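These notes concern the structure reproduced below.
4 protein chains.
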Amino acid sequence: MTGLADGVLGGLDGMLGDLEECYVDLHRHPELSYQEIRTAARVAERLAGLDYRVTTGVGGTGVVGVLDNGPGPTVLLRADMDALPVAELTGLPYASTATAIDGDGRRVPVMHACGHDMHVTWLLGAARLLAAARADWRGSVAVVFQPAEEFGGGAQAMVDDGLFELVGVPDVVLGQHVAPAPAGMVLCRAGTIMAASDSVLVRLFGRGGHGSRPETTVDPVVMAAATVLRLQTVVSREIAATDAAVVTVGAINAGTQDNVIPSEAELRVNVRSFDQQVRRRALAAVERIVRAEATASGAPREPEITVTNSFPITVNDEPATLRLTAAFTDHFGADRVVEAPLATGSEDFGVLGDACGAPSVFWFVGGIDAAAFAEAEATGRLETDVPSNHSPHFAPVPHPTIATGVRALVAAALAWLRDGPGDRARA
Amino acid sequence: MTGLADGVLGGLDGMLGDLEECYVDLHRHPELSYQEIRTAARVAERLAGLDYRVTTGVGGTGVVGVLDNGPGPTVLLRADMDALPVAELTGLPYASTATAIDGDGRRVPVMHACGHDMHVTWLLGAARLLAAARADWRGSVAVVFQPAEEFGGGAQAMVDDGLFELVGVPDVVLGQHVAPAPAGMVLCRAGTIMAASDSVLVRLFGRGGHGSRPETTVDPVVMAAATVLRLQTVVSREIAATDAAVVTVGAINAGTQDNVIPSEAELRVNVRSFDQQVRRRALAAVERIVRAEATASGAPREPEITVTNSFPITVNDEPATLRLTAAFTDHFGADRVVEAPLATGSEDFGVLGDACGAPSVFWFVGGIDAAAFAEAEATGRLETDVPSNHSPHFAPVPHPTIATGVRALVAAALAWLRDGPGDRARA
Amino acid sequence: MTGLADGVLGGLDGMLGDLEECYVDLHRHPELSYQEIRTAARVAERLAGLDYRVTTGVGGTGVVGVLDNGPGPTVLLRADMDALPVAELTGLPYASTATAIDGDGRRVPVMHACGHDMHVTWLLGAARLLAAARADWRGSVAVVFQPAEEFGGGAQAMVDDGLFELVGVPDVVLGQHVAPAPAGMVLCRAGTIMAASDSVLVRLFGRGGHGSRPETTVDPVVMAAATVLRLQTVVSREIAATDAAVVTVGAINAGTQDNVIPSEAELRVNVRSFDQQVRRRALAAVERIVRAEATASGAPREPEITVTNSFPITVNDEPATLRLTAAFTDHFGADRVVEAPLATGSEDFGVLGDACGAPSVFWFVGGIDAAAFAEAEATGRLETDVPSNHSPHFAPVPHPTIATGVRALVAAALAWLRDGPGDRARA
Amino acid sequence: MTGLADGVLGGLDGMLGDLEECYVDLHRHPELSYQEIRTAARVAERLAGLDYRVTTGVGGTGVVGVLDNGPGPTVLLRADMDALPVAELTGLPYASTATAIDGDGRRVPVMHACGHDMHVTWLLGAARLLAAARADWRGSVAVVFQPAEEFGGGAQAMVDDGLFELVGVPDVVLGQHVAPAPAGMVLCRAGTIMAASDSVLVRLFGRGGHGSRPETTVDPVVMAAATVLRLQTVVSREIAATDAAVVTVGAINAGTQDNVIPSEAELRVNVRSFDQQVRRRALAAVERIVRAEATASGAPREPEITVTNSFPITVNDEPATLRLTAAFTDHFGADRVVEAPLATGSEDFGVLGDACGAPSVFWFVGGIDAAAFAEAEATGRLETDVPSNHSPHFAPVPHPTIATGVRALVAAALAWLRDGPGDRARA
């Protein structure tokens, strides 16, 4: 098998310059969820000349390319395309200065702070290599460029819009994510690998008035602040230390000026869990606390609590993970393939395998310069010096990150695809 | 003196329809501080035909009209023109739907939630009546339409831009404000009548990151929430019950989405006080708490604490207040002139008298339908049923509020102006 | 009248050594509310030889002495006897080292931290002087030594136990308190002088368990802490700045060790107000917050909220206050009689006048060395250097505090009593 | 080996009545750490007739019995003896009503809420059986009855007082704990099994004063409450969800009455962790927060933060655990031996093995009626219906808990001891 992947990947070196340009271009032009117009257009252009059957506008802005290459298994490879409303602070020459109108009608800065630009680049590279080497393998490859992973819904939207009618039921669904680990490394684990995530939008209602006469108002700023502090107790008091959960209030917004008490406050709460029972308990506690804190303030109206978004737990199929890990070990060597820790991040990748009943595997690819990573680790400064995903400082190094991700995708796909005559000839 | 005011005010009834149109037009077109372009233009137009010497652009968008009418005292009458970033909820047929870009570059709704539209209308009515009856009095009247009272600085800006070179040093500075009291009533008090106000902008710095990995971040949302709760103790623990102070956090803003921990939070704090020592103690406590809560969070950087705006205590000159109250009692009858309670609201009106060394008096004019007010009072529902200034529901009734305010201004001015030959002839 | 008081007070100087001994003895032997056994015995002993008709055990440990001295008005003079569960830190040679069992069965330190030892000393001195000079006045004097002022109920207990059957209806009820003001000064005001006080005992119920497994418990420590912080908002947000109220949590107690989560927490809350409406609003807010915070914690049982104790507002009768102030001014000179500020402290003194329908007046007598007070004031260190009542450092100076209080009581009583033949002879 | 244990345990059934009496007696007479006078006396009495070489007063109240029974390995079996300051609420006929004076001089209720009465009973039963069957085995058995496990220090005190001079270096150190698991089950795991625990005593200093004048004080109740709420963020924000830690404030105490603001508050904080780095981070965060909250309050003096007590992580030696688990499986059958979950509880048991360099193993024995446990589990009410250790409701069922623990100790000891001639004869 090594030989097969090595063969297919033979053209990679000559392609790296072009892939880096692609990456930098995408990085400079990040787009929010469901607004991936330009990104999808670039993807479609690049697939155009490669014999993939390309369908655009799948689930909004999604792009699907299918390369039917004779009888054999079907492998679905997925990359997500959207960026985040974060103001980039990397200082890179190709840092984003883009802005966009978000779902609430606000103009916000936009940045690929989660590395989806890298994901798209990887999958474009793999798509091209697999197409170029189609003599070497048999089966079908479906490359799926998904919109709107960040705010969830993108995977489901593609499913609902007929993804599996375009692709058929694949034998395996594969996906990968760039991570704050040393570039050159791949990280995977069987079973649960990523958390469930629930986004809860909380609207708290007070009664506005003049800042100097709080006694005529019900102050939603105080209500929101008390709620945020009390929400800390969900994890500190209500979840066992040996269970894992996160309750983050990512946004608190109320009022615009000091001398007017506003009438509402908004909290955006994110709940992570790895277990359905923990998840239910945490969500119930959030609701209980929000309602009680509104009552403590004498709120004139019940809060509105809306789950706007849910990601399932990401669970890697055990046999498929074993097959994948074996392929990685063959290709990269055992020292570059490590067991991933349980990640508190979430993904809607799992929706794809669930929807079609196929096994799925998700893994991580390091994106941090290995020497810098080692130094940060040695000096105990990993957390301060190695920005994680969603940080305004998150910036994977293009090399060897681009090459590693392309290699991983190709090696993974070939672990399921059948040998082609070209490969057999070479052997 | 009664006769004089009654004579000058003879023309008021025929003018009320026009003044109501003026009021409704201003209410429909509110403008933020220093953006009072349209309002100033309407003011200048209306002054144009009345023999006032009109200067526009004083202190930005301010308008000054001076009517020199023979030897005698100079009376300065001041109205403020600006509106607030509040989304109107009055349901009135002439409710504002306006928006504007605020000082932070955000598009915000705009509403005359503090009644400055009424103030402008009053002063235009008084200006017209005084001009029409100029045979009845002697002296000079300066009508001053001030920008940017809400965020302070407007009065100072006019002073700095030469207001008193245009007007000379007046014998008295007079101003009035519409208040949640029964329409038809005027309310005044000698000595301190309104609070000092300090606006404090607080920027809290954390370290952003992924919502699922709080341990890699310093969460500014929690830091801000803890700060807001702790700031409640300034008034509850550090100011004597028998002193008066208010510490309001009118705005708390951090983050835009649930799964990204932002790197900063912003608080807008307003401090009210009636005494310099209380003021210093409250401001020092705010600073101490903000810094300590940042330390409690392990903030990577000290908070920025900026006093963006300060209003002085508004103090009514005692002899001038006596003269004014006597004039009001003569004109309105004793039952419509009551002692104003100490108001926690603030004004930059006091800047004008301080700057020129003249005595000044500020008073309130009721704007709530008297029957509705009485019923709310009787049923103990004043606070819920009578919206106060800055509420999105604040809506003075045009009648008799417009007439009462015009009458008060004219009666007040004539308490200082000298009788003219017209009046003496009539007598 | 001056002459009369001066005459009666002629014997004071020779008595001061004995009164100081009495004071020091009482200070060394403080007793908690309703435990004033030794104090009452000392009082009865001292009254014994003075021709007062003495009744002990009135309302528990109260002592009443009546001296009927011919036809004329009846003056009731009241002193309270009880001490506080405070560990004395004055460092005085006669500092208390006493302990006692409190109402909850706990052994606690006891200290005259509120100066009732001084009050008893004053009234004993005045009683003796009035008895000695009985030729100089006519009427009746009732000296009332009340138990249990600190935890309220003592005045009511005496009333219920027939105080006014012993005394008759007096013409005036008079009382005085030592205060952190310069020794030698007396301070009074007409109308409201002291606050209402309500003591609220809050029991919060959680579910106990092992400190390492909070998820199996409902943590009452967190519940109590959140409640305390939220209670700060009653004053900061729900009471107008121009109204006065205090909400103090004087005690929070839960648990005894770090690794056991207790099942209950107890808060002792004190609410001060000067107005019935403010009082009702504050008490309602306390209850609302306590209940809501228990709900936020998921408490298995509703909190218990008990008003254990209430003091009324202390209101000085206006004409009686005028008469009293005139007498003080005559006796002390105008520079030693000042208007008292509104005090947030509370008293059950007002119960006596209310119960019998007589006017009552309450005033303060300074107890701090005048030079030390002046220096603290000049250096802005009044709050740190001059301990207030209930502080473990509170320590009135015996001289001239003892003499001033005796003089004030005698001058006050004589302002109502009628001249006697002795005085008239002297005149 | 099965045969050996079965033989030695042959006498158990006839002994159960006596052991239950022993258990009930101990349960009725719980004693606090280092006060185990009566318990130690009972232990010494029972060992007296059994040929053990008994030493009392080891490390305070500890008791050591050594039975040298020919050449062979030495097995150290340890039980802890102390109880907790908890008021028993089990309603059992033999419930404790005992009280004692704790280390702070307070009279507190005492209860065997952690089951050490069961531990002592088990070890006495095993000691008797091993002595009776001494023909069946060779080697030495040391039975160690340790004081003061709850507040730590007991194991170290015995070591410091010459435990291993009495016993020699054992081949293995064994201990067991009754747990809220089904009676009849034993639970063990290799590697880390219990958490590190650090007890942190926090004294917060304010400035006391009258409850009605908070502005003259620095309120330690508010300081303590804010600190407790902020401490919740250590786990919720500073420890990764996939790491395990607990920060519990088990006690908060300040003040005794509502109208006196006390000058100090005391918090008792417990920190649990399974990893040195997490432990250091949590302890540092506790200190940072305590200091900053004192600063936020304007405390006149730095808080005192004292680690009063630390338990190490309990780590089971891997080979020894394998040997033990094999012996348990042989004796009880595989269905009664399960892998223990990581427990957030802590022990000073690990001190013994560390001190002498011997491998050690610690395990759990279920104490809850199996049917009741199964029903609680089935109805999702484990947490409410099955009280955990340290709960006032914690009550192991005597049967089969007593027998199971004795069997486990004997089977465990014999897994190291050598066959004796008696056993060989039988075989």
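Protein chains in written order, with UniProt numbering: chain A, 1 to 427; chain B, 1 to 427; chain C, 1 to 427; chain D, 1 to 427. C-beta atoms are modelled at their ideal positions from N, C-alpha and C, and glycine is treated no differently. Nothing here was measured: the structure is a model prediction, and the numbers come from that model.
Practice task
Identify the contact partners of B:Ile239 in chain A, using a Cβ-Cβ distance below 7 Å as the criterion.
Solution key: Taking the first residue of the second sequence as position 1, residue 239 of chain B is located at position 239. Here the premise fails: no neighbours, minimum Cβ distance about 14 Å.
Handout entry: Endpoints, the alpha helix (DSSP H) within which A:Arg280 is located
Key = In the first sequence, residue 280 of chain A corresponds to position 280, counting from 1. Run containing A:Arg280: 276-296, per the alpha helix (DSSP H) assignment.
Exercise for the section: Could you tell me which of D:Glu375, D:Leu409, D:Met15 sits nearest to D:Phe364, measuring between CA atoms? Expected result: On the fourth sequence, residue 364 of chain D is found 364 positions in, with the first residue counted as 1. Cα-wise, what sits closest to D:Phe364 is D:Leu409.
Practice task
At 9 Å on the CB atoms, spell out the chain A contacts of D:Ala179, in chain order.
Solution key: As a first step, residue 179 of chain D must be located in the fourth sequence, where it is residue number 179. None at all; the shortest Cβ gap to chain A is about 15 Å.
Handout entry: Three-state class that DSSP yields for residue 474 of chain A in the structure shown
Key = Not covered by the structure: residue 474 of chain A. The range shown for chain A is 1 to 427.
Exercise for the section: Using a Cβ cut-off of 8 Å (strictly closer), state whether A:Val247 contacts chain D. Expected result: Position 247 of the first sequence, counted from the first residue, corresponds to residue 247 of chain A. Closer than 8 Å: yes.
Exercise for the section: Determine the closest residue to B:Arg213 out of A:Ala131, A:Asp423, A:Asn389, A:Asn253, with distance taken between C-alpha atoms. Expected result: Taking the second sequence and counting its residues from 1, the one referred to as residue 213 of chain B is at position 213. It is A:Asn389.
Exercise for the section: With 8 Å as the threshold, decide whether the Cβ of A:Ile252 is near any Cβ in chain C. Expected result: Here residue 252 of chain A is taken as the residue at index 252 of the first sequence, counted from 1. By this cut-off, A:Ile252 is not an interface position.
Handout entry: Buried/exposed call for A:Asp13, threshold 16 Cβ in 10 Å
Key = As a working mapping, residue 13 of chain A is identified with position 13 in the first sequence. That one is exposed.
Problem - Three-state class that DSSP yields for B:Cys356 in the structure shown - result: The count along the second sequence starts at 1 and reaches residue 356 of chain B at position 356. Reduced to three states, the DSSP call for B:Cys356 is helix.
Handout entry: CB contact check: D:Arg138 to chain A, cutoff 8 Å
Key = Taking the fourth sequence and counting its residues from 1, the one referred to as residue 138 of chain D is at position 138. Not one chain A Cβ lies under 8 Å of D:Arg138.
Exercise for the section: Quickly, what does DSSP pair A:Phe362 with across the bridge? List them, please. Expected result: Taking the first sequence and counting its residues from 1, the one referred to as residue 362 of chain A is at position 362. Answer is A:Gly175.
Exercise for the section: Kindly indicate which three-state DSSP category B:Val313 falls into: helix, strand or coil? Expected result: Along the second sequence, read from residue 1 onward, the residue named residue 313 of chain B stands at position 313. Correcting the residue type first, residue 313 of chain B is Ile in the shown sequence and not Val. Coil.
Problem - Assigned exposure category for C:Glu293 - 16 Cβ within 10 Å defines buried - result: Reading the third sequence from its first residue, position 293 is the one you call residue 293 of chain C. Under this definition C:Glu293 is a buried residue.
Practice task
Flag this pair as yes or no: are the beta carbons of C:His119 and C:Ala83 separated by less than 8 Å?
Solution key: On the third sequence, residue 119 of chain C is found 119 positions in, with the first residue counted as 1. On the third sequence, residue 83 of chain C is found 83 positions in, with the first residue counted as 1. It is not a contact, given that the beta carbons lie outside the stated cut-off.
Practice task
Answer yes or no: does any C-beta atom of chain B fall closer than 8 Å to that of C:Arg272?
Solution key: For the purposes of this step, residue 272 of chain C is taken as residue 272 along the third sequence, with counting starting at 1. It does; some Cβ of chain B falls within 8 Å.
Problem - DSSP-derived helix/strand/coil call for B:Ala157 - result: Residue 157 of chain B sits at position 157 when you count from the first residue of the second sequence. It is helical.
Practice task
Within 10 angstroms of the Cβ of B:His331, are there 16 or more other Cβ atoms? Answer buried if so, exposed if not.
Solution key: Here residue 331 of chain B is taken as the residue at index 331 of the second sequence, counted from 1. Burial call: buried.
Exercise for the section: Return the residue from the list D:Ala79, D:Gly103, D:Glu165, D:Ser140 that minimises the CA-CA distance to D:Arg418. Expected result: Your numbering for residue 418 of chain D matches position 418 in the fourth sequence. Of D:Ala79, D:Gly103, D:Glu165, D:Ser140, the residue nearest in Cα terms is D:Ser140.
Problem - Residue(s) in a DSSP beta bridge with C:Pro109 - result: Mapped onto the third sequence, residue 109 of chain C falls at position 109. Paired residues: C:Thr99.
Exercise for the section: Tell me whether the beta-carbon of C:Glu215 lies closer than 8 Å to the beta-carbon of A:Ile261. Expected result: Position 215 of the third sequence, counted from the start, is the residue given in the question as residue 215 of chain C. Position 261 of the first sequence, counted from the start, is the residue given in the question as residue 261 of chain A. Not in contact: C:Glu215 and A:Ile261 (Cβ atoms no closer than 8 Å).
Exercise for the section: Using a Cβ cut-off of 8 Å (strictly closer), state whether D:Ser96 contacts chain C. Expected result: Walking along the fourth sequence from the start, residue 96 of chain D turns up at place 96. Answer no: the Cβ-Cβ gap between D:Ser96 and chain C never drops below 8 Å.
Exercise for the section: Return yes when the Cβ of D:Ala251 is within less than 8 Å of the Cβ of C:Gly105, no when it is not. Expected result: Taking the first residue of the third sequence as 1, we reach residue 105 of chain C at position 105. Taking the first residue of the fourth sequence as 1, we reach residue 251 of chain D at position 251. Not a contact, by the Cβ cut-off of 8 Å.
Practice task
Kindly indicate which residue of A:Gly420, A:Ala415, A:Arg407 has the alpha-carbon position closest to the one of A:Leu124.
Solution key: Your numbering for residue 124 of chain A matches position 124 in the first sequence. Of the listed residues, the one whose Cα sits closest to A:Leu124 is A:Arg407.
Handout entry: Interface flag, C:Leu342 vs chain B, CB-CB below 8 Å
Key = The residue labelled residue 342 of chain C in the question sits at position 342 within the third sequence. Judged by the 8 Å Cβ criterion, C:Leu342 is in contact with chain B.
Practice task
Determine the contact status of C:Asp171 and C:Thr55, defining contact as a CB-CB distance below 8 Å.
Solution key: Sequence index remark: in the third sequence, residue 171 of chain C carries index 171 (1-based). Sequence index remark: in the third sequence, residue 55 of chain C carries index 55 (1-based). Result no, Cβ atoms of C:Asp171 and C:Thr55 do not sit closer than 8 Å.
Practice task
Below 6 Å CB to CB, which residues in the same chain sit around A:Gly70 once its five sequence neighbours on both sides are set aside?
Solution key: On the first sequence, residue 70 of chain A is found 70 positions in, with the first residue counted as 1. For A:Gly70, where only same-chain residues beyond five positions count, the Cβ hits under 6 Å are Arg138.
Exercise for the section: Indicate whether A:Ile305 and A:Val200 have their beta-carbon atoms separated by less than 8 Å. Expected result: By one-based count along the first sequence, residue 305 of chain A stands at place 305. By one-based count along the first sequence, residue 200 of chain A stands at place 200. Taking 8 Å as the Cβ cut-off, A:Ile305 and A:Val200 qualify as a contacting pair.
Handout entry: Other residues of its chain near C:Phe394: CB distance less than 6 Å, five sequence neighbours each side excluded
Key = Locating residue 394 of chain C in the third sequence gives position 394, where the first residue counts as 1. Excluding residues within five positions, the ones whose Cβ falls inside 6 Å are Ala113, Pro387.
Handout entry: Where B:Cys114 sits in the DSSP three-state scheme
Key = Here the question's residue 114 of chain B lines up with position 114 in the second sequence. Three-state DSSP puts B:Cys114 in coil, outside helix and strand.
Exercise for the section: Within its chain, find whatever has a CB closer than 6 Å to the CB of D:Val63; leave out the 5 residues flanking it on each side and keep chain order. Expected result: For the purposes of this step, residue 63 of chain D is taken as the residue at position 63 of the fourth sequence. Here the set comprises Ala40, Val43, Ala44, Thr56, Phe145.
Exercise for the section: Output the distance between the C-alpha atoms of A:Ser33 and A:Phe151, rounded to the nearest integer angstrom. Expected result: Reading the first sequence from its first residue, position 33 is the one you call residue 33 of chain A. Reading the first sequence from its first residue, position 151 is the one you call residue 151 of chain A. C-alpha separation (whole angstroms): 7 Å.
Exercise for the section: Output the distance between the C-alpha atoms of D:Val202 and D:Leu267, rounded to the nearest integer angstrom. Expected result: If you number the fourth sequence from 1, residue 202 of chain D lands on position 202. If you number the fourth sequence from 1, residue 267 of chain D lands on position 267. C-alpha separation (whole angstroms): 5 Å.
Practice task
Report yes or no: is there a C-beta of chain B within less than 8 Å of the C-beta of C:Thr2?
Solution key: Sequence index remark: in the third sequence, residue 2 of chain C carries index 2 (1-based). At C:Thr2, the pLDDT of 49 sits below 50, so the modelled position is not reliable and the matter cannot be decided from this model.
Exercise for the section: Give a yes or no on whether the C-beta atoms belonging to D:Val249 and D:Val269 are separated by under 8 Å. Expected result: As a position in the fourth sequence, residue 249 of chain D is number 249, starting the count at 1. As a position in the fourth sequence, residue 269 of chain D is number 269, starting the count at 1. Cβ distance < 8 Å, so D:Val249 and D:Val269 count as in contact.
Handout entry: Spatial neighbours of A:Arg28 in its chain, beta-carbon cut-off 7 Å, leaving aside the 5 residues before and after
Key = The count along the first sequence starts at 1 and reaches residue 28 of chain A at position 28. Once the five neighbours on either side are set aside, the close Cβ partners of A:Arg28 are Tyr94, Ser96.
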